[in-house]
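I have placed the structure first, in the form of structure tokens, so that the comments after it can refer back to it.
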């Protein structure tokens, strides 16, 4: 029985992941096309989408409505 050699793992930078995510979000590229372009499996792209979604939700939950308060130093007080 012959085995096919495994592909070498491909690591994407955060910027590459973000670029793919934005392009998928705006409909410029599909999951399959993003995976082919990046040279990774579609499950990797699906995971990137899930992580981006979870990160965005966490950031929005942590943000407080309204203008941020100025510290005394920023306001010119000492």
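Numbering (my numbering), first residue to last: 336 to 413.
The beta carbon of each residue, even a glycine, is placed where N, CA and C say it ideally should be.
Quick caveat, the model's predicted, so the values are computed rather than measured.
_Three-state class that DSSP yields for residue 357 in the structure shown_ = In the structure shown, residue 357 adopts helical secondary structure according to DSSP, grouped into three states.
*Just the Cα atoms here: how many angstroms apart are residue 379 and residue 393?*
Near 21 Å, if we compare the C-alpha coordinates of residue 393 and residue 379.
*What's the call for residue 395, buried or exposed, on a 16-neighbour Cβ count within 10 Å?*
A residue is called buried when at least 16 other Cβ atoms come within 10 angstroms of its Cβ; residue 395 does not meet this threshold and is exposed.
_Exposure of residue 371, with buried meaning 16 or more beta-carbon neighbours within 10 Å_ = The C-beta of residue 371 has fewer than 16 other C-beta atoms within 10 Å across all chains shown, which makes the residue exposed.
*Quick one: measure Cβ to Cβ for residue 404 and residue 375, integer angstroms, because I've assumed they're closer than 8 Å.*
In fact, because the Cβ distance is near 43 Å, the residues do not count as touching under 8 Å.
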